[in-house]
Amino acid sequence: MSVTPTPSTTTSSFRMPSPVLTGSLVRLEPLDHRHAADLAAAAEEDRSSFGHTWVPRADEVERYITEQLVRADTGQLVPYAQIDVSSGRAIGATAYLEPRLWPDGSRLYAVEVGFTWLAASAQGTGINTEAKFLLFDNAFVGWDVARVDLKTDARNSRSRAAIAGVGAQFEGVLRNWSRSWAPGEDGRLRDSAMFSIVAPEWPACRARLRERLATITARTGR
-8 MSVTPTPSTT TSSFRMPSPV LTGSLVRLEP LDHRHAADLA AAAEEDRSSF
42 GHTWVPRADE VERYITEQLV RADTGQLVPY AQIDVSSGRA IGATAYLEPR
92 LWPDGSRLYA VEVGFTWLAA SAQGTGINTE AKFLLFDNAF VGWDVARVDL
142 KTDARNSRSR AAIAGVGAQF EGVLRNWSRS WAPGEDGRLR DSAMFSIVAP
192 EWPACRARLR ERLATITART GR
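Numbering-wise (the working numbering), the sequence shown opens with residue -8 and increments by one.
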């Protein structure tokens, strides 16, 4: 009798690869302390868009990088610095996280994209769109996953719009799902808006993102 394998959340000794992912606007490099000075400057630009997202202050960046690398050593995270191709400067961060494996522990079936932030000057430039394109394409084409997850504070309308704008489907709100990163809410839980892209949707989503990026490139000349 054949048995269809069921997904597992255990990661055992599995480690996600951390390839450099390069586009025309942004290059995603594995996060390292060499990015600290640039990220400190990026984090101290206009912080008004960080209301529901924890972004380190300049004097916290070194510790932030250390903590992300410690998490990476557990196999639960692949943190990236977002590098502006035109300037060569790190202007934000993002990551793969929460890998979920089939029972034999050899292959991913799902992964989340998150821990994303960008300097104010990089927002609205197409960098976020291209970074998501690179992460999604690597996950679906390179790793053959069945699903990519994204989530955000349910109150964060800007983040929700950005996630929907890259083609992810809204799945609902999970109440008291995870810790709140909003200022003044230490020790509190937040409602999380959940989104996903599944493998059969990726070809059409990929085509739309490529069209969107072509429009941005034509407008900016980059």
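Where is the CB? At the ideal position from N, CA and C, for every residue including glycine. In this text, all values refer to a predicted model and were calculated from it rather than measured experimentally.
query                                                                                                                                              : result
How is Cys196 classed by DSSP in three states: helix, strand or coil?                                                                              : helix
Given a threshold of 16 other Cβ atoms within 10 Å of its Cβ, counted over all protein chains shown, does Phe124 qualify as buried or as exposed?  : buried
Going by other Cβ atoms of all chains shown within 10 Å of its Cβ, with 16 needed for buried, is Phe131 buried or exposed?                         : buried
Which residues in the same chain have their Cβ closer than 8 Å to the Cβ of Asp201, if we skip the five residues on either side of it in sequence? : Per the sequence presented here, residue 201 reads as Arg, with Asp not at that position. Within the same chain, Arg201 has close Cβ partners Phe124.
Would you decide whether Asp37 is buried or exposed? Buried here means 16 or more other CB atoms lie within 10 Å of its CB.                        : exposed
Look at the alpha carbon of Leu30 and the alpha carbon of Pro194, and state the distance between them as a whole number of angstroms.              : 33 Å
Measure the alpha-carbon distance for Ile215 versus Arg25 and round it to whole angstroms.                                                         : Since the first residue of the chain shown is -8 and the last is 213, residue 215 is not available in this structure.
Determine, using beta carbons only, whether Leu126 and Tyr100 come nearer to each other than 8 Å.                                                  : no
Of the residues Trp45, Val61, Arg6, which one's Cα is nearest the Cα of Glu176?                                                                    : Trp45
Residues in its own chain within less than 8 Å of Ser169 by CB, not counting five upstream and five downstream?                                    : Lys142, Leu180, Arg181, Ser183
Output the distance between the C-alpha atoms of Ser77 and Pro94, rounded to the nearest integer angstrom.                                         : 43 Å
To the nearest angstrom, how far is it from the Cα of Ile74 to the Cα of Arg80?                                                                    : 5 Å
So Pro70 packs on Phe5, CB below 8 Å; how close in whole Å?                                                                                        : No, Pro70 and Phe5 are not in contact; Cβ-Cβ is about 17 Å, not under 8 Å.
Alpha carbon to alpha carbon, how far is Ile207 from Leu68? Give it in angstroms, no decimals.                                                     : 30 Å
Buried or exposed: where does Asp140 fall if 16 or more other Cβ atoms within 10 Å of its Cβ makes it buried?                                      : buried
Could you have a look at Glu103 and say whether DSSP puts it in helix, strand or coil?                                                             : strand
Hey, would you say Ala173 sits closer than 8 Å to His43, going by beta carbons?                                                                    : yes
Have a look at Thr85 and Ser9 and give me their C-alpha separation to the nearest angstrom.                                                        : 12 Å
What number of angstroms, rounded off, separates the C-alpha of Ser15 from the C-alpha of Arg138?                                                  : 25 Å
What does Glu53 pair with, by DSSP beta-bridge criteria?                                                                                           : Beta-bridge pairing links Glu53 to no other residue.
DSSP beta-bridge partners for Val22?                                                                                                               : Correcting the residue identity first, residue 22 is Leu in this sequence and not Val. DSSP lists no partner for Leu22.
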